[in-house]
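Be aware that the sequence shown starts at 9, since it is given in our numbering, and climbs by one per residue.
We put the beta carbon where it would ideally sit given N, CA and C, even for glycine.
Predicted, not measured: the structure shown is a model, and the values here were computed from it.
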Amino acid sequence: MKRNGAPFLWNGCAVLAEYAQMSAVIKIEILTAKYYDIFQDAYKSNTMLGEMDSFKVLEYDGATAKVYYISKNKTSGDVLSFANVDGAWEETYWETIWSKSGSASDVIWPYWWHFIYAGL
9 MKRNGAPFLW
19 NGCAVLAEYA
29 QMSAVIKIEI
39 LTAKYYDIFQ
49 DAYKSNTMLG
59 EMDSFKVLEY
69 DGATAKVYYI
79 SKNKTSGDVL
89 SFANVDGAWE
99 ETYWETIWSK
109 SGSASDVIWP
119 YWWHFIYAGL
């Protein structure tokens, strides 16, 4: 809802923000449905990743893409970036953004684990 061309504030929050979040989710669902076949197995070129349970295409522009993969048994979430090189999608970057083991930030948690098992 707008008043004088500006987002109408309701309870101190812009209603527009809610619509922006909803439209982002809708965009991701559309991209995933549209490019499902392209990225369904694209993660397999990364031999460090195991089997994946599901994925969402976060960004796609024809030349590059970002895809969020959720591992089997939901033990981690990884964002892989791809580039279209001569018609083939090649991984260009990989980031684990969460992990059930707590090691997604390059630190094993709980921290004492380093001392017990690393011999420090």
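Burial check for residue 31: the Cβ neighbour count within 10 Å stays below 16, so the residue is exposed. Comparing C-alpha distances from residue 42 to each of 64, 53 and 100 shows the shortest one belongs to 64.
The secondary-structure analysis by DSSP pairs residue 74 across a beta bridge with 67 and 89. By a beta-carbon distance limit of 8 Å, residue 103 does not contact residue 53. Their separation comes to about 16 Å. Between residue 78 and residue 60, the beta carbon gap of about 7 Å places them in contact (Cβ cut-off 8 Å).
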